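For the sequence shown, this note's numbering assigns the number 5 to the initial residue and increments by one for each residue that follows.
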Amino acid sequence: MQDSDIKQNFLNSMRGITSTVNVISAAAEGQRHAMTATSVTSLSLEPPSMLVCINKDASLHKILLDNSNFCINVLSSLQKELAEVCSNSEEGESRFVSESWKDQGPYIYNKDALSNIFCTKTNQVDHTSHTIFIGTVDRVINSPDLKPLLYGSGGYL
């Protein structure tokens, strides 16, 4: 099988995996950054840890390289618009027009999310086009009455 066939078959198989939609947010030097991500998962319970995979071309990548704090905002089914805003090509403050964004110490988070997982970066692993950032969980806010926003088969579910 040719490399291009493998890549296309891999992309097609990944469309079959349904994932929770997350927005990773961080602030550095007075600037806020956020991006939509589905490559987010729990890593361990002792200590509670998460990992996020960020493309090296994403503006958030440099922030996470230099900064130790980030928040994983697990989006609710009511936040499709936020997911789209944080995945479009326009970056910076345009992603923070909603009044749902709040600052808490070194973190920025979206108060309307299903969950907010506040992390301190403890490690990072370079892998080809992406970096895997590992964070220890410092705090969690849950809104148990909400349902998650899911992504699969190339669209929001």
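Beta carbons are placed, not taken as given, at the ideal position from N, Cα and C, and that holds for glycine.
Computed from a predicted structure; not experimentally measured.
Beta-carbon proximity check, residue i vs residue j, cutoff 7 Å
i                 : j             : result
alanine 117       : asparagine 77 : yes
phenylalanine 137 : lysine 151    : no
serine 102        : leucine 153   : no
arginine 19       : serine 157    : yes
Alpha-carbon to alpha-carbon, residue j and residue i
i             : j             : result
alanine 87    : leucine 49    : 27 Å
lysine 115    : arginine 99   : 15 Å
aspartate 7   : asparagine 13 : 10 Å
aspartate 149 : methionine 39 : 24 Å
valine 89     : aspartate 9   : 32 Å
arginine 143  : glutamine 108 : 11 Å
tyrosine 111  : asparagine 26 : 16 Å
Start and end residues, beta strand (DSSP E) containing residue i
i              : result
lysine 66      : No beta strand (DSSP E) contains lysine 66, which is instead part of the alpha helix (DSSP H) from 63-70.
glutamine 35   : 35-41
serine 157     : Here serine 157 belongs to no beta strand (DSSP E), and DSSP marks it neither H nor E.
isoleucine 177 : No answer is possible for residue 177: it lies beyond the span of the chain, which begins at 5 and ends at 161.
Closest Cα partner of residue i within the set the options
i            : options                        : result
serine 53    : Cys90, Glu103, Gly109, Val141  : Val141
threonine 42 : Leu69, Arg36, Asn59            : Asn59
serine 63    : His134, Pro110, Arg143, Ile145 : His134
glutamate 94 : Asn146, Gln83, His37, His65    : His37
serine 23    : Gly159, Tyr155, Tyr160, Asn16  : Tyr155
proline 51   : Ser147, Gly159, Gly139, Leu161 : Gly139
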